[in-house]
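**Q**
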Amino acid sequence: MGMAAPRDELANAGDEYYALQSGVRFSRLDQVPTIWNTREDCTTFPRRYGFMDLAALYAGTGEFPAWTSAAVPSRGYLWYALKDGWTTAAPTPSPGTGATAAWAWRTAARFSARGCPRRRKPTLPTSVLLSPRRPTAINYIQGVARIPAGFDRVKSASFTPGKVSFLAESGKKASAAVDWEFLRAGLPLSRR
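My numbering puts the first residue of the sequence shown at 67, with every later residue one more than the last.
1. Return the chain-ordered list of same chain residues with a C-beta closer than 7 Å to the C-beta of Thr243, the five sequence neighbours on each side being excluded.
2. For my contact list, Phe225 and Pro139 are in at a C-beta cut-off of 8 Å; report their separation, rounded to the angstrom.
3. Please name the residue, chosen from Glu235, Ile101, Gln97 and Gly116, that lies closest to Asp107 on a Cα-to-Cα basis.
4. Helix, strand or coil for Trp246 per DSSP?
5. Kindly give me the distance between the Cβ atoms of Leu207 and Leu148, rounded to whole angstroms, as I take these residues to be in contact under 8 Å.
6. Beta-carbon within less than 8 Å of Ala240's beta-carbon, same chain only, minus the 5 sequence neighbours each way: which residues are those?
7. Bridge partners for Pro99 per DSSP, in chain order?
8. What does the alpha-carbon distance come out to for the pair Tyr146 and Pro99?
9. Please classify Asp245 as buried or exposed, where buried requires at least 16 neighbouring CB atoms within 10 angstroms.
10. Who are Phe232's beta bridge partners in DSSP?
11. Starting from the Cα of Asn205, find the closest Cα among Gly142, Pro198 and Gly151 and give me that residue.
12. Could you give the DSSP three-state label for Ser197: helix, strand or coil?
13. Figure out for me which residue from Thr109, Ala85 and Thr104 has the closest Cα to the Cα of Arg94.
14. Taking 6 Å as the limit between beta carbons, can you name the residues of its chain near Lys238, skipping five residues before and five after?
15. Distance check for Gly142 and Leu86, CA to CA, integer angstroms please.
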């Protein structure tokens with residue numbers, strides 16, 4: 067399940083422009099509702115230049131990390147983010163489209179802070195209870211991987227020890243060496 071960032075302001079507030087419908091659920095990343103009652107394909111980049119849209123993907127808990135990615139075929143790479151769905155089910159941020167110099171984690175923090183009451187209602191585990199008696203580490207990985215010519219939209223991801231592999235709808239494959247197992251450790255690398 068996914069949702070575009072909830073906002074209370076207009077689609078052009080704060081010197082930023084938005085095209086995705088605020089707070090609307092979607093089930094396919096290639097069919098995200100826009101403010102013009104059309105659908106936006108958010109599976110490949112670049113997308114709509116000059117807009118600061120952010121869509122969160124809500125992942126379940128499973129054996130492998132929750133993940134999201136955006137392929138940039140014109141530049142020969144894909145961006146990916148991995149996290150432990152047991153620690154935080156949402157949000158998994160998507161990268162911005164170049165409207166400002168904001169980094170993905172800055173917008174992820176903003177998404178988490180705005181619209182919290184709205185996101186708590188639909189029974190989605192979007193937060194964790196923190197306690198000074200029980201330290202919590204929220205481990206997160208972002209990276210890029212080179213993709214071959216013909217690699218289009220990411221269809222799936224598979225995990226083997228020390229590696230994540232991405233399969234495109236075209237059948238092309240790309241992989242990255244990454245210690246994704248540390249996401250489940252619940253501790254920073256220095257305390258593992």
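Backbone N, C-alpha and C fix where the C-beta goes; we use that ideal spot for every residue, glycine too.
**A** Working from what's here:
1. Strictly speaking, residue 243 in this sequence is Ala, with Thr absent from that position. For Ala243, where only same-chain residues beyond five positions count, the Cβ hits under 7 Å are Gly228 and Lys229.
2. Between Pro139 and Phe225 the Cβ distance is about 23 Å, and since that is not below 8 Å, they are no contact.
3. For the options Glu235, Ile101, Gln97 and Gly116, the alpha carbon positioned closest to that of Asp107 is the one of Gln97.
4. Three-state result, Trp246: helix.
5. Reading off the sequence, residue 207 comes out as Ile, not Leu. Contact flag correct, Cβ pair sits at about 4 Å.
6. Cβ neighbours of Ala240 within its own chain (closer than 8 Å, five residues either side excluded): Leu144, Ala211, Arg212, Ile213, Pro214, Phe217, Ser231, Phe232 and Ala234.
7. BP columns for Pro99 point to Arg105.
8. One Cα belongs to Tyr146, the other to Pro99, and the distance between them is close to 23 Å.
9. Using a 10 angstroms sphere on the CB of Asp245, the tally of other CB atoms stays under 16, which defines it as exposed.
10. For Phe232, which the question treats as bridged, DSSP gives the partners Ala223 and Ala240.
11. Selected option, being the one with the closest Cα: Gly151.
12. Ser197 falls in the strand class under three-state DSSP.
13. Of Thr109, Ala85 and Thr104, the residue nearest in Cα terms is Thr109.
14. Only residues of its own chain outside the window of five on either side were considered, and among them Pro214, Gly216 and Phe217 have a CB closer than 6 Å to the CB of Lys238, listed in chain order.
15. Distance between the alpha carbons of Leu86 and Gly142: 26 Å.
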